[in-house]
Amino acid sequence: MFGPMCTGIFLFLALWGTVFMAILGGLFYNQSVGLFEDLPKESKAMEKSLWADRTTNFNKLYQQNAYNCWIACGVYIGIAVLLSLRACCLVKR
Amino acid sequence: MGSIYRSEHMKLCQIFFQSESAYQCVAELGELGMAQFIDLNEEQNAYTRKFVNEVRRCDEMERKINFVEDEITKDLVPIPDYDEHIPAPQPKHMGEMEANLEKLEEELVQINKNCKVLKNNHVQLLEMKAVLEHVTSLLDPHSKREAAMSISEAARGEAGPISFGMKDEFDKPVKDEKELKFVTGVVKRSKAIAFERFLWRLSRAKVFAKFIQIQEQTELFSNEFEDKCVFILFFSGEQLRAKVKKICDGFQAKCYTVPENPAERTKLLLNIKVQTTDMKAVIEKTLDYRSKCIHAAATNLRKWGIMLLKLKSIFHTLNMFSVDVTQKCLIAECWVPEADIGQVKNSLHMGTIHSGSTVPAILNEMETDKYPPTYFKLNKFTQGFQNIVDAYGIANYREVNPAPWTIISFPFLFAVMFGDAGHGIIMLIAASAFVIFEKKLISMKIKDEIFNTFFGGRYVVLLMGMFAIYTGFIYNDFYSKSVNIFGSSWVNPYNQTLLANMDAQGADSNTDLSLTFPPEIAFNHDYGPYPFGVDPVWNLAINRLNFLNPMKMKTSILLGISQMAFGIMLSLMNHIGNRSVVDIVFVFIPQCLFLGCIFVYLCLQVLMKWIFFYVKPAYIFGRLYPGSNCAPSLLIGLINMFMVKSRDASFAHDVGTAAGKEWVIVNGQNVTYTINDQCYLQQWYPNQSLVELILLLIAVVSVPVMLLVKPFYIRWRHSRGLHIDLGHGPDEHGEFNFGDIMVHQAIHTIEFVLGCVSHTASYLRLWALSLAHAQLSDVLWTMVLRMSLTMGGWGGSAAITILFYFIFSILSVCILILMEGLSAFLHAIRLHWVEFQSKFYGGTGIQFEPFCFTKIIRVYEGLDQ
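Protein sequence lines, in the order shown, are assigned to chains F and A. Numbering of the first sequence is given in UniProt numbering, commencing with residue 1 and proceeding in unit increments. Numbering of the second sequence is given in UniProt numbering, commencing with residue 1 and proceeding in unit increments.
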């Protein structure tokens, strides 16, 4: 099933995903204002809280999204490694 | 001059070949690929040419090669490509080639015939074996008794089809089973029922049939397989045997005679088994030998094909030559690039040496009035861009070539429409892969048309990717998100208390509240504007499109009019090249004035508005500018210019007097004023009315100048008997017709004047496609990636992983890169073909198609069409 064309395409997507998610995670960790809309919605109770508490909550949400992106990055690295091994087998054959 | 700015100088050359060396010289020219031969024997048909016999022999060899290729394809053997260089075979080796191909063809035909016979024999033996194996059960006493009773009943009239009007003649009943006769054989199972019914009706039930299906396969070496049945037919008396055999022939049932004695049958069965095994071994050896022949032929087939291709093309070319009356010389005429005449002479010299002749071929340059073909020296980089231009039309001889400018302007305009650094990176990586591995990809000789289209344009795509990244930084667009690299100058001007109160109010009323950043306060002037590209703050703004759309529209106008003006400059180069003074003075200059007085003026207004008009009240050009509500409207201003409408000379009156109704602070001082109605429609620089009136008059006057002067000048020259260069290219005719010239010039003038207006509007597609791509990119991010990013918690990581890998990335590639990229590509092509090239490009030339083995071989291998 995994011929050279299929392996190449999925390997490229995995590498692209790795770089994309690494950078996106870095931007979330850095609390980019452009990504504010992409944070999960804060709860109703938190909306009425003090600004200092809300700031802390936003920071936590940013960090959580950063970790999620980096987890995805790790998954893509694993996929890339597996597909690289597959590509090596195809070249050896 | 060896550049692609203009086409190469071409020379019509006459070559005298000696008969013995002509073949070899033409072969060398074919390797060089720099001579386009003219057919000097057009009036002759194909059968009266000098080398028609040689061409026929080549055709015969080609037929044999095609036959061998069909046999190879039938056996599913791959045919490898041949990559080494193959010189054209000598004419004396032609007989050897013929003999080899003849031998190979005869061998394959013989093998096929023998295989057919052997297979048929094998099938018959297997069928005989099946009959012998099953006839024992068919001939058991019970079957015989059953058959005897059935036939007896039929003989007595107690069974069988009803017969009316026949005399009641009853045969003598069968007294004993031993009187029965039988015929055995094999019939196709699909015909068995019809076979049985036919026998029953025809013989009036006096033939008893019985069938047993054959379980084993009887056609081991055939791809087709049909179920077969062993049959036995019982009947009484010998007179029915002939009739029964005829029916068997009609149904393609094969009869096999078997002895009645069981011992003899056993012996015969053993013999047949031995023969079957031997026959199978022979067939397998024959097929093995055929396979060896086919593999050996497959290895050399492409080589033979290329050799034959060269041979045939050389003879076709020789057929274009004239034959000297002494029959010792062949005379050829061909177009050769002037810069390559030395190479051609070298090739002729090498051909003479290789042929062993002592008389060299002689090349003469000729003066001619014929229209030369157009030839550009291209490499793998410039070929892609030249293809874009050639798809519109081949350049006239020595005409300015759009391709050098297209190398930059085409990817640039594509990128203005594409405008996404993130997707541009993907495009750049894909094109880089093609470029880095191009040697390997070329050697693979991939024949897929779509792949060849992308691969042929790999350098175009490479530049498109680069420029897309550049304009992505200009627009500050990475997958619809902006990146703050240098630090924005916009700051939050509101204090904490106000924001907290608004937050509380929004939370209570469950609505989203918006804030306006007043530029005067929120923009930090000391920090200056964002150094490169669009300020990333616009990515957060609700009025983002209100800012970007006018910016992109004005940019489109500027780029479009720049390109059109450049096209007109190139038309000046063409006029200078044609040494046409009347075109320079009375066509080019009026065109410049027309474009300059209206459209370049519009561009200048755009730039002035960008530079001078800000949201802050100020004195601009000596008059009070109250604020952005009075920023001049350029489009309506242009319309008013054409309508020569009277306008106020300022934005406001009663400036600085007590009668003013409003006031603003300019440079720290209070200024009172009364604003004029529709202040944005009024004049905004000194003497604007007079300036615009002068520009309008110049533009209006230039139209009849470019329309009328040239035709009347040509008519004047014609009446004086002077030479007229009508400059219509290869379709030039000798007659002068003033009406035609006037109509032609009128069409050109109208096309130019109206074209300036419609082409300027056409360039707005640069904004439209940029908007489309940006919005699609934003939708993809918002509807796909944001769903996973807003999921929250650790479960969000799974959502991010899956949604990016299977949805976001694939949709990005398929829709945003391929579909949007193709759309921007097509629009960039149109902007070049119509808006740019219509200003200077004729495109009615003839392509230089030299006699070139490399091109012929590429067509043969299916790489070109």
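Glycine included, each C-beta is placed from N, C-alpha and C at the ideal position.
| Item | Value |
| --- | --- |
| Listed by chain order, chain A residues near Asp38/F by CB distance under 8 Å | Leu785, Arg786, Leu789 and Thr790 |
| Beta-carbon separation (whole angstroms), Ser777/A vs Leu816/A, contact threshold 8 Å | 6 Å |
| CB contact flag (Leu132/A, Ile272/A, <8 Å) | yes |
| Interface partners of Phe804/A on chain F, CB under 8 Å | Gly17, Phe20, Met21 and Ala72 |
| Any C-beta of chain A under 8 Å from that of Gln63/F | no |
| Chain F within 8 Å of Ile38/A, Cβ atoms only | no |
| Segment contact flag, the region 419 to 429 of chain A with the region 381 to 399 of chain A, C-beta cutoff 8 Å, min 3 pairs | no |
| Identity of the residues DSSP links to Gln36/A by a beta bridge | Trp335/A |
| 8 Å Cβ cutoff, Ile800/A in contact with chain F | yes |
| Simplified DSSP assignment, three categories, for Ser322/A | strand |
| Three-state class that DSSP yields for Ala14/F in the structure shown | helix |
| Proximal residues of chain A, C-beta to C-beta of Leu13/F below 7 Å | Tyr805 and Ser809 |
| Beta-carbon proximity check, Leu11/F vs Leu83/F, cutoff 8 Å | yes |
| Residue environment, Asp420/A, which counts as buried when at least 16 other CB atoms sit within 10 Å | buried |
| Cβ pair count under 8 Å reaching 3, the region 88 to 101 of chain A against the region 295 to 307 of chain A | yes |
| Proximity below 8 Å, CB of Cys852/A to CB of Gly351/A | no |
| Secondary structure, alpha helix (DSSP H): runs of 4+ residues fully inside the region 183 to 221 of chain A | 189 to 202 |
| Cβ neighbours of Lys228/A in the same chain (closer than 8 Å, five flanking residues each side left out) | Glu127, Ala130, Val186, Val187, Lys188, Arg189, Gln213, Ile214 and Thr218 |
| Cβ shell of Met706/A (< 7 Å), same chain only, five flanking positions each side left out | Phe586, Val587, Pro590, Gln591 and Thr749 |
| Phe208/A versus Val123/A: straight-line alpha-carbon distance, rounded | 27 Å |
| contact_flag[the region 752 to 771 of chain A, the region 824 to 836 of chain A] where n(CB pairs < 8 Å) is 3 or more | yes |
| Secondary structure of Arg63/A, DSSP reduced to three states | helix |
| Which listed residue (Glu28/A, Pro519/A and Ala281/A) has its alpha carbon closest to that of Lys355/A | Inspection of the sequence shows that residue 355/A is occupied by Ser rather than by Lys. Nearest of Glu28/A, Pro519/A and Ala281/A to Ser355/A, Cα basis: Glu28/A. |
| Residues of the region 522 to 552 of chain A whose Cβ lies closer than 8 Å to any Cβ of chain F, in chain order | Pro536, Asn539 and Leu540 |
| Short CB-CB distance (under 8 Å) between Cys69/F and chain A | yes |
| CB-CB length for Lys377/A against Glu751/A, believed under 8 Å | About 32 Å; that fails the 8 Å criterion. |
| 6 Å CB neighbourhood of Met94/A in its chain, flanking five on each side removed | none |
| Under 8 Å between C-beta atoms of Ile568/A and Ala298/A | no |
| Cβ separation of Glu399/A and Gly755/A, assumed to be a contact under 8 Å, to the nearest whole Å | At roughly 19 Å, the Cβ-Cβ gap does not stay under 8 Å, so Glu399/A and Gly755/A are not in contact. |
| In DSSP terms, what His653/A is bridged to | Thr674/A |
| Cutoff 6 Å; reference Trp70/F; Cβ partners in own chain excluding five residues on either side | Gly25 |
| Coil, strand or helix - Ile665/A by DSSP | strand |
| Neighbour flag for Lys60/F against chain C, beta carbons, 8 Å | Annotation note: the requested chain C is absent from the structure, which comprises protein chains F and A. |
| Beta-carbon spacing of Leu624/A, Ala649/A below 8 Å | no |
| Environment of Cys73/F [buried if 16+ CB atoms lie within 10 Å] | buried |
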